[in-house]
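Have a look at the structure below, then the notes.
There are 2 protein chains.
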Amino acid sequence: MTIKEVSEKYNISQDTLRYYERIGMIPEISRTPGGIRNYQESDLGWVELAICMRSAGLPIEALIEYVKLYQQGDATFAARLQLLQEQRESLEEQKAQLEKAINKLNYKISRYEIAVKTGKLTWEDDDKCI
Amino acid sequence: MTIKEVSEKYNISQDTLRYYERIGMIPEISRTPGGIRNYQESDLGWVELAICMRSAGLPIEALIEYVKLYQQGDATFAARLQLLQEQRESLEEQKAQLEKAINKLNYKISRYEIAVKTGKLTWEDDDKCI
DNA sequence: GCTTGACTTGGAGTATACTCCAAGTAATAT
DNA sequence: ATATTACTTGGAGTATACTCCAAGTCAAGC
Numbered sequence: 013m014t015i016k017e018v019s020e021k022y023n024i025s026q027d028t029l030r031y032y033e034r035i036g037m038i039p040e041i042s043r044t045p046g047g048i049r050n051y052q053e054s055d056l057g058w059v060e061l062a063i064c065m066r067s068a069g070l071p072i073e074a075l076i077e078y079v080k081l082y083q084q085g086d087a088t089f090a091a092r093l094q095l096l097q098e099q100r101e102s103l104e105e106q107k108a109q110l111e112k113a114i115n116k117l118n119y120k121i122s123r124y125e126i127a128v129k130t131g132k133l134t135w136e137d138d139d140k141c142i
Numbered sequence: 013m014t015i016k017e018v019s020e021k022y023n024i025s026q027d028t029l030r031y032y033e034r035i036g037m038i039p040e041i042s043r044t045p046g047g048i049r050n051y052q053e054s055d056l057g058w059v060e061l062a063i064c065m066r067s068a069g070l071p072i073e074a075l076i077e078y079v080k081l082y083q084q085g086d087a088t089f090a091a092r093l094q095l096l097q098e099q100r101e102s103l104e105e106q107k108a109q110l111e112k113a114i115n116k117l118n119y120k121i122s123r124y125e126i127a128v129k130t131g132k133l134t135w136e137d138d139d140k141c142i
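So the sequence lines, in the order shown, correspond to chains S and D. For what it's worth, our numbering labels the leading residue of the first sequence as 13, then goes sequentially. For what it's worth, our numbering labels the leading residue of the second sequence as 13, then goes sequentially.
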């Protein structure tokens, strides 16, 4: 699979794919005799992982570290486990922040829906009226 | 309330507080006769909102826009409602991405927990073994 | 054989969101 | 009164994550 095909399959730019490879966020992709990237199935797994984790906000550094550990073989199982657990923690925290913000937005939206109908914006007592 | 007190109350740097004010992400804070920021209760509401929304990843631009609309008065209720709804949508999407990534991490973690015990990393059939 | 289009590399540029700094003013403690 | 500390401003610098570009190589169709 060429970089173009991968780029279209996952809706990610070729530049970004090359960038991910260059910095070690995905392992080096095998090449044709002419030196052109030829993505294998297992490479696609890495690409999927990278996209999934990045879209959740996981830092690139963590993914680079994970790839490095992976390439060092079975001796790094424990280190990889720890890395994954740390990142899960961080995503769970992020999710909590997100939910707090969504709740706040929902409350505000409910007030503004009334305000648009009545022309008056009202708040509950402890609210700071913003 | 001085900027130092606000900074300590919300665990945010004074630089960031001034930055938020300068770019219009929170309204201008009233000053003492000497020109020093003197945060009122309502200002704290804005600070809280800014911190909450930023920590959820809401872009600064959206918050600046919201403050602008707010300052234009009651005529912007509908515009503010729309802005809030759009941002909620975007946070809901972000939450979905986050959950996908957390699920993936949980699956990997479960495999690695076994791997650390047994010395062998195993995957289900459709997995790309990463 | 040559043109077209896709590929390569390394490096520079951009966007977002802070974060730091210098130079100066103001308030507080002794 | 003076030293220390906190505050002010505007502008420059940093971190992260891309994103674009230039110059060159390679492969397929005509």
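Virtual Cβ for every residue (Gly too), placed ideally from N, Cα, C.
Taking 8 Å as the CB threshold, Lys21(S) stays off the interface with chain D.
Going by C-alpha positions, Arg66(S) is about 16 Å away from Leu103(D). A buried status is given to Arg92(D), since no fewer than 16 other beta-carbon atoms sit within 10 Å of its beta-carbon. The Cβ neighbour count for Gln99(D), taken over all protein chains shown within 10 Å, is at least 16; the residue is labelled buried.
Residues of the segment 39 to 69 of chain D that bring their beta carbon within less than 8 Å of a beta carbon in chain S comprise Glu53, Ser54, Leu56, Gly57, Trp58, Glu60, Leu61, Cys64, Met65, Ser67, Ala68, Gly69, in sequence order. The straight-line gap separating the alpha-carbon atoms of Ser122(S) and Trp135(S) is approximately 10 Å. With its beta carbon at least 8 Å from every one in chain D, Ala74(S) lies outside the interface.
When the Cα atoms are used, Ile41(S) and Glu53(D) turn out to be separated by approximately 57 Å.
Residues of chain D whose Cβ lies closer than 9 Å to the Cβ of Tyr31(S) do not exist, since the nearest Cβ in that chain is about 19 Å away. Membership of Glu17(S) in the alpha helix (DSSP H) is indicated by the continuous run 15 to 22.
In this chain, the alpha helix (DSSP H) harbouring Asn115(S) covers 89 to 130. Between Leu117(S) and Leu96(D), the C-beta spacing is below 8 Å. Under a 10 Å Cβ-count criterion, Lys16(D) is classified as exposed, with fewer than 16 other Cβ atoms of the shown protein chains found around its own Cβ. Residue pairing of Arg43(S) in beta bridges, as defined by DSSP: Arg49(S). Residue environment: Asp27(D) is assigned as exposed (fewer than 16 neighbouring CB atoms within 10 Å of its CB, all protein chains considered).
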